[in-house]
Amino acid sequence: MTDLASVWQDTRLIVMTAQIAAIYAAILIPFKAGIPIIPGFVELRPANAIPIVASLLFGPAAAWGAGIGNVIGDCFGTFGPASFFGFWGNFFLGYLPYVMWGHLGWLSSGGPPVVTSWRQGMEYSLICLVGSLVCAGIIGWGVEVLGLLPFVILAPAIFFNNVAMGLLLGPPLLKFLYPRVERWHLRFEDIRATLNRGPLLEEKRGSPHQSHEPVPSSSGHPRPFLECSDWSFQYSGAEVPVLQQISFTVDSGEMVMLLGQSGSGKTTIAQACNGLIPHLVPGRVSGQIHVLGRATGHDPVWAQAGRVGMVFQDFDAQLVATTADGELRHPLEYRVPPLAPGEVDRRLAKALSHVGLHLNVERDPMTLSGGQRQRLVLASALAQAPSILVLDEPGTDLDPAGYDRLRRILLHLKEEGLALLVTERDYENIGFADRLLVLHQGALAWTGTPQALLRQPQVMRDLGLRPLPITSCFEGKGVGPLPISVEEAWTCMEEQGIKLAPSLSVLNDELRLGVVQSSTERCEPVIQVEGVSFGYDGHEVLHEVSFTIHSGEFVAILGGNGSGKSTLSRLMNGLLIPTTGRILVSGRDTRQTSMNELAKLVGLVFQNPDHQIFAETVWDEVAFSLKNFGVPENVIETRVQSALASVNFPFEGSRTQDPFSLRKGERQRLAVASVLASQPGIVMFDEPTTGLDAFETERMMEMIRGLNRDGHTVVMITHSMRLVAEYATRCLLMKEGRIVGEGHPRDVFSHPQWMEAASLNLPAISQFSQRWGYTLLTVEEVRASLTTSDTVPVHPR
Amino acid sequence: MNISLYVAPRTVLHALDGRTKVLMALSLCLLALCFSHPLFLMALFGLVVGLLGFSGAQANVRKMWVLTTLLFCYSVVLWPFFVDGETPVPGLDAVGVTVEGVMVGLAMGLRLLVMLWAGIWLLSVTAIEELAFALERLGLPSRASFAFSLAFRWVSILLGAGVSVVQAQRSRGLDVGAGGIADRLRKYVPLVVPLIGQALRQTQMLAMGLESKGFHPFAIRRNSLPKTFLNLDYVVLGLLCCLLVLALWLRMNGVGVLRALS
Chain R
184 MTDLASVWQD
194 TRLIVMTAQI
204 AAIYAAILIP
214 FKAGIPIIPG
224 FVELRPANAI
234 PIVASLLFGP
244 AAAWGAGIGN
254 VIGDCFGTFG
264 PASFFGFWGN
274 FFLGYLPYVM
284 WGHLGWLSSG
294 GPPVVTSWRQ
304 GMEYSLICLV
314 GSLVCAGIIG
324 WGVEVLGLLP
334 FVILAPAIFF
344 NNVAMGLLLG
354 PPLLKFLYPR
364 VERWHLRFED
374 IRATLNRGPL
384 LEEKRGSPHQ
394 SHEPVPSSSG
404 HPRPFLECSD
414 WSFQYSGAEV
424 PVLQQISFTV
434 DSGEMVMLLG
444 QSGSGKTTIA
454 QACNGLIPHL
464 VPGRVSGQIH
474 VLGRATGHDP
484 VWAQAGRVGM
494 VFQDFDAQLV
504 ATTADGELRH
514 PLEYRVPPLA
524 PGEVDRRLAK
534 ALSHVGLHLN
544 VERDPMTLSG
554 GQRQRLVLAS
564 ALAQAPSILV
574 LDEPGTDLDP
584 AGYDRLRRIL
594 LHLKEEGLAL
604 LVTERDYENI
614 GFADRLLVLH
624 QGALAWTGTP
634 QALLRQPQVM
644 RDLGLRPLPI
654 TSCFEGKGVG
664 PLPISVEEAW
674 TCMEEQGIKL
684 APSLSVLNDE
694 LRLGVVQSST
704 ERCEPVIQVE
714 GVSFGYDGHE
724 VLHEVSFTIH
734 SGEFVAILGG
744 NGSGKSTLSR
754 LMNGLLIPTT
764 GRILVSGRDT
774 RQTSMNELAK
784 LVGLVFQNPD
794 HQIFAETVWD
804 EVAFSLKNFG
814 VPENVIETRV
824 QSALASVNFP
834 FEGSRTQDPF
844 SLRKGERQRL
854 AVASVLASQP
864 GIVMFDEPTT
874 GLDAFETERM
884 MEMIRGLNRD
894 GHTVVMITHS
904 MRLVAEYATR
914 CLLMKEGRIV
924 GEGHPRDVFS
934 HPQWMEAASL
944 NLPAISQFSQ
954 RWGYTLLTVE
964 EVRASLTTSD
974 TVPVHPR
Chain D
111 MNISLYVAPR
121 TVLHALDGRT
131 KVLMALSLCL
141 LALCFSHPLF
151 LMALFGLVVG
161 LLGFSGAQAN
171 VRKMWVLTTL
181 LFCYSVVLWP
191 FFVDGETPVP
201 GLDAVGVTVE
211 GVMVGLAMGL
221 RLLVMLWAGI
231 WLLSVTAIEE
241 LAFALERLGL
251 PSRASFAFSL
261 AFRWVSILLG
271 AGVSVVQAQR
281 SRGLDVGAGG
291 IADRLRKYVP
301 LVVPLIGQAL
311 RQTQMLAMGL
321 ESKGFHPFAI
331 RRNSLPKTFL
341 NLDYVVLGLL
351 CCLLVLALWL
361 RMNGVGVLRA
371 LS
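Taken in order, these protein sequences are the chains called R and D.
Throughout the first sequence, residue numbering follows this note's numbering, covering 184 to 980 in sequence.
Throughout the second sequence, residue numbering follows this note's numbering, covering 111 to 372 in sequence.
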């Protein structure tokens with residue numbers, strides 16, 4: 184019983200309980216096998232295996248989670264007094280397997296809770312039967328007491344359902360999940376082992392320090408708001424420290440940006456600023472980080488919430504309420520001492536005004552756009568009136584317009600005296616920082632102003648960063664300080680007497696892109712979108728869209744968030760069917776062609792690879808679609824090998840490597856391989872570079888270009904103008920469900936009115952070159968066109 | 111994906127304190143338990159329908175009517191086989207169905223409807239946080255009520271992810287509708303594993319998010335909303351008490367009770 188109580192003494196276990204409840208309810212509600220046992224009451228549902236499986240992985244957290252999850256499931260039509268019995272029935276279904284596994288005397292297998300031997304199978308079957316029996320007994324009895332249904336009807340039905348699901352789905356789910364849960368240290372035993380952490384014990388007794396006033400240094404001078412001194416950190420289980428001897432300060436009214444490649448330690452520092460490291464992330468720490476003079480490793484995380492506001496890269500992980508109002512009030516309701524109700528309302532109004540969010544506070548945050556949700560999380564942090572604001576890669580999911588809005592908000596907060604620490608992985612959003620700190624190979628490798636760094640392209644490369652394209656254009660051209668903006672580049676050209684004179688070969692896109700197909704081949708249409716409209720829940724997302732994609736093209740679909748790009752991709756591979764109009768894929772109407780047939784013609788790589796990866800090994804993951812399509816075993820081997828080779832993924836070890844252990848970029852490439860295995864002629868990529876750093880982005884894009892050169896027609900959804908300029912042979916510009924511009928990137932970028940209509944910014948290089956009447960797309964094009972000669976080329980502009 | 115049944119138009123019922131609304135729904139269920147005569151239960155059902163209509167929850171009723179009607183029909187059809195009676199139903203006496211049994215089936219079906227629709231009404235006029243807070247003030251441990259509201263929040267996120275998972279696997283040729291029952295059920299593994307895997311990956315991040323916002327397991331949460339227990343709440347609760355006392359008195363005197371169940 185102490186196990187059951189311990190669940191409520193640790194934030195991670197409370198989170199785990201809520202997650203199990205959410206998973207159970209989320210699978211309970213939509214995933215119906217449609218096979219009724221008692222029509223309307225009980226039907227075979229895959230979800231009923233979850234309490235048993237979760238119990239064996241997460242112990243008592245699964246018991247509470249299963250009970251709560253069942254009540255939430257009831258909230259969709261069957262919530263009532265019987266939910267009370269449903270709670271307890273599912274509670275025991277989620278508790279008994281944990282209690283019984285390994286405690287059945289000679290019947291116990293003595294192994295971990297997976298079914299790999301007949302003894303484990305016997306043990307599993309037994310606990311499945313007992314758990315289901317108790318669950319069915321409680322619910323059946325309760326429902327009869329309420330007079331709703333006879334026990335002899337309901338109890339056997341529930342019993343049969345739970346046993347059937349537990350026996351059929353439980354073993355494969357455990358096979359897939361147990362090794363991963365073990366690796367992530369999420370088993371109940373692993374979390375319980377860390378329950379008696381020092382800071383948490385202090386929380387129970389002491390009153391935390393929540394002062395906002397900076398503690399003066401021993402010399403009497405005010406200390407910086409944030410002070411990091413010789414700070415090092417090594418993650419538990421890692422062989423080397425991720426960061427060593429990092430020292431820096433951030434003061435009031437200052438914005439400092441942490442820059443570095445993926446894995447350079449930016450997020451580690453961000454998480455240390457409010458004590459998440461070391462309080463919630465185990466590892467070895469040395470040195471100190473002080474916020475307002477208090478060591479962040481000393482006070483518990485929750486006590487620092489009023490001093491340090493945090494916005495995670497995955498800001499959705501910070502949303503806890505079902506209304507915007509609840510989201511904003513939540514942190515203030517835990518404050519010690521409590522705020523007066525009037526003060527709460529005043530703070531909320533001020534925070535919303537700071538982030539420029541004007542919305543109905545009763546709205547569910549998940550119905551807001553990504554940018555609005557991020558601003559809601561930011562407002563929730565600001566409502567606590569922190570002195571320091573830490574934002575971890577805030578630009579990851581924002582389109583240019585969204586980031587511009589965020590930039591204005593941050594500058595305003597800086598003017599108000601907040602100290603801001605922002606992490607970024609690329610040059611694009613660093614220009615407005617006061618100071619940059621570049622992390623490289625575990626050390627603070629460079630500090631200075633953004634301007635100073637941007638003017639040194641080679642230093643940026645040495646630090647693993649991509650230099651500004653406009654700066655790279657003038658590198659080695661003997662100009663003084665290298666330009667870092669379009670205006671500076673123009674001035675530089677005038678002062679140095681340089682002219683822009685692109686040759687015909689520079690403007691020849693077939694040569695640049697290495698397009699090898701003949702014009703006849705390119706003329707063959709492979710996707711024809713004819714007057715397509717589509718809507719969800721009465722809200723039209725696409726309006727009368729028409730275009731054609733030809734064989735061998737590399738087409739980019741470009742547009743801001745919510746412009747309908749992703750919906751269009753799902754219509755083109757038949758996942759969605761147009762409300763009006765039609766789509767032909769290789770001449771077949773998607774309305775009349777089966778999903779399986781279309782999947783062989785069009786492969787779609789989803790934005791988040793984690794939405795498809797499930798298999799035990801890399802090989803199985805790639806072979807999954809082939810097995811579904813009934814490809815013979817001997818062909819599968821060759822196809823898997825070829826698909827992995829296409830994405831530069833080593834075939835050796837693929838039969839044992841767990842895809843869940845791969846890094847984000849590797850998982851993304853694996854997702855591509857699993858689509859390529861079925862050899863579709865057309866491959867669509869939905870935002871393929873989201874969350875990747877400059878190196879990984881380059882690698883991904885070169886791989887996509889390689890596929891195109893090998894003969895695949897490529898359709899890429901993106902809001903990155905740079906990628907379109909460098910890689911696409913044609914682009915479609917979308918705004919609010921309509922095509923507002925179409926053509927070769929050079930043509931599209933030559934129409935500022937189209938870009939304006941789509942709320943997109945022209946790439947700096949194109950903007951720069953348009954002064955001379957040309958639209959250049961890449962650094963190489965500009966470099967090849969810079970000349971001091973007076974000869975002016977004679978060719979159309 | 112919005113999964114909440116809460117309807118925004120604010121009526122006087124929306125403005126009631128969360129505790130009053132919970133006790134109202136509970137009282138409706140208790141009233142349904144007091145009676146077993148279809149006429150009385152029909153009147154009670156009418157009251158619930160009226161509450162739903164007055165609260166502007168027609169859309170939720172439309173969403174749920176198929177499921178609840180199915181449950182009602184099932185109860186009506188099933189119960190007569192389990193209740194003894196004296197008056198056989200012509201044509202069905204061979205299978206033991208009596209008029210008393212049919213009456214019980216009708217009554218139990220209506221009782222089920224009253225309880226389910228009272229639940230729908232409660233969720234239509236009470237936001238999840240309000241419900242969690244009300245349950246907390248009625249004695250549910252605060253951490254349990256918080257876990258409930260937190261889970262509710264994440265269900266919509268997981269359902270959104272679930273749509274993507276289904277689409278991703280369908281576009282790789284997974285067809286859960288094909289094959290025998292066992293085959294079809296096993297095909298849910300590629301749908302369920304990414305969903306659970308993704309959720310578990312976030313466990314640490316979610317815990318960090320909570321503590322960064324000031325939450326900790328021993329924290330005392332104070333509702334920052336203005337106090338909403340108004341005179342109307344006392345009136346409603348008083349009325350409910352009177353109704354319950356009256357119902358109990360009627361029941362003890364055999365009014366509104368079927369003889370087959372008395």
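Positions of the beta carbon are idealized from the N, C-alpha and C atoms, including for glycine.
Open item on the list: Less than 7 Å between C-beta atoms, sequence neighbours within five positions excluded: which residues of the same chain meet that for residue 219(D)?
Closed with: 182, 185 and 186
Task: Under 7 Å from the C-beta of residue 304(D): neighbouring residues of chain R - done: 793, 794, 795, 796 and 797
- [ ] Would you be able to state if there are at least three C-beta pairs under 8 Å between the region 204-213 of chain D and the region 294-307 of chain R?
- [x] no
Task: residue 410(R), DSSP secondary structure in three states - done: strand
- [ ] Would you kindly report the start and end of the unbroken beta strand (DSSP E) that includes residue 467(R)?
- [x] 466-474
Open item on the list: Quick check on residue 711(R): does DSSP put it in helix, strand or coil?
Closed with: strand
Task: Chain-ordered neighbours of residue 843(R) on chain D, where CB pairs are closer than 8 Å - done: 307
Task: Pair within 8 Å by beta-carbon distance, residue 983(R) and residue 587(R) - done: The first residue shown for chain R is 184 and the last is 980, placing residue 983(R) beyond what the model contains.
Task: Interface residues of chain R facing residue 185(D) [CB-CB closer than 8 Å] - done: 331 and 332
Open item on the list: Between which two residues does the alpha helix (DSSP H) holding residue 857(R) run?
Closed with: 847-859
- [ ] Report the three-state DSSP secondary structure of residue 770(R) (helix, strand or coil).
- [x] coil
TODO: List the residues of chain D whose Cβ lies closer than 7 Å to the Cβ of residue 862(R), in chain order.
DONE: In chain order: nothing, as chain D lies at least about 13 Å away.
Task: Residue of 210(R), 302(R) and 187(R) minimising C-alpha distance to residue 274(R) - done: 187(R)
Open item on the list: Assuming residue 727(R) is part of the beta strand (DSSP E), what are its boundary residues?
Closed with: 722-733
Task: Contact set between residue 991(R) and chain D, taken where Cβ atoms lie within less than 7 Å - done: This structure does not reach residue 991(R), given that chain R is present from 184 up to 980, and the question cannot be answered.
TODO: State the DSSP-derived secondary structure class of residue 900(R), mapped to helix, strand or coil.
DONE: strand
Task: Amino acids of chain D, ordered along the chain, whose beta-carbon sits closer than 7 Å to that of residue 787(R) - done: 281
Task: Bounding residues of the beta strand (DSSP E) (the contiguous stretch that carries residue 919(R)) - done: Careful: residue 919(R) lies outside any beta strand (DSSP E) and carries neither H nor E.
Open item on the list: Determine whether the beta carbon atoms of residue 329(D) and residue 231(D) lie at a separation below 8 Å.
Closed with: no
- [ ] Quick one: which unbroken alpha helix (DSSP H) runs of 4-plus residues sit fully inside the region 279-356 of chain D? Chain order, please.
- [x] 291-296, 299-311 and 313-322
Open item on the list: Please state the DSSP three-state secondary structure of residue 387(R).
Closed with: For residue 387(R), the predicted structure reports a pLDDT of 37, less than 50, and the residue's modelled location is therefore unreliable. A value from the coordinates is still provided. It is helical.
Open item on the list: Contact criterion: CB-CB distance below 8 Å. Does residue 197(R) meet it with respect to chain D?
Closed with: yes
Task: Beta-carbon proximity of residue 668(R) to residue 962(R), cut-off 8 Å - done: no
Open item on the list: Output needed for residue 382(R): all residues of its chain with C-beta closer than 6 Å, excluding positions within five of it in sequence on either side, in chain order.
Closed with: Legend: pLDDT at residue 382(R) = 40, less than 50; position of this residue unreliable, no value from coordinates given.
Task: Where residue 748(R) falls, given that 16 or more other Cβ within 10 Å makes a residue buried - done: buried
Open item on the list: How far does the beta strand (DSSP E) with residue 445(R) in it extend, from its first residue to its last?
Closed with: No beta strand (DSSP E) contains residue 445(R), which DSSP labels as neither H nor E.
Open item on the list: Any beta carbon of chain C sitting closer than 8 Å to that of residue 333(D)?
Closed with: Considering every chain present, this structure includes no chain C. Its protein chains are R and D.
Open item on the list: Can you check whether the C-beta of residue 258(R) is within less than 8 Å of a C-beta belonging to chain D?
Closed with: yes
Open item on the list: Taking 7 Å as the cut-off, is the beta-carbon of residue 602(R) closer than that to any non-hydrogen atom of the ligand MG?
Closed with: As far as ligands go, the structure on display features none, and thus does not contain the ligand MG.
Open item on the list: For a minimum of 4 consecutive residues, which ranges assigned as the alpha helix (DSSP H) are wholly contained in the region 182-253 of chain D?
Closed with: 209-235 and 238-247
Task: C-alpha distance - residue 416(R) paired with residue 523(R), whole-angstrom precision - done: 40 Å
Task: Other residues of its chain near residue 717(R): CB distance less than 7 Å, five sequence neighbours each side excluded - done: 724, 725, 750, 754, 759, 761 and 762
Open item on the list: For a contact defined as C-beta to C-beta under 9 Å, what are the partners of residue 772(R) on chain D?
Closed with: Result: empty, since nearest Cβ-Cβ is about 18 Å, beyond 9 Å.
TODO: Answer with yes or no whether the minimum CB distance from residue 144(D) to chain R is below 8 Å.
DONE: no
Task: Within 8 Å, strictly: CB atoms of residue 565(R) and residue 534(R) - done: yes
Open item on the list: Any beta carbon from chain R within less than 8 Å of residue 218(D)'s own beta carbon?
Closed with: yes
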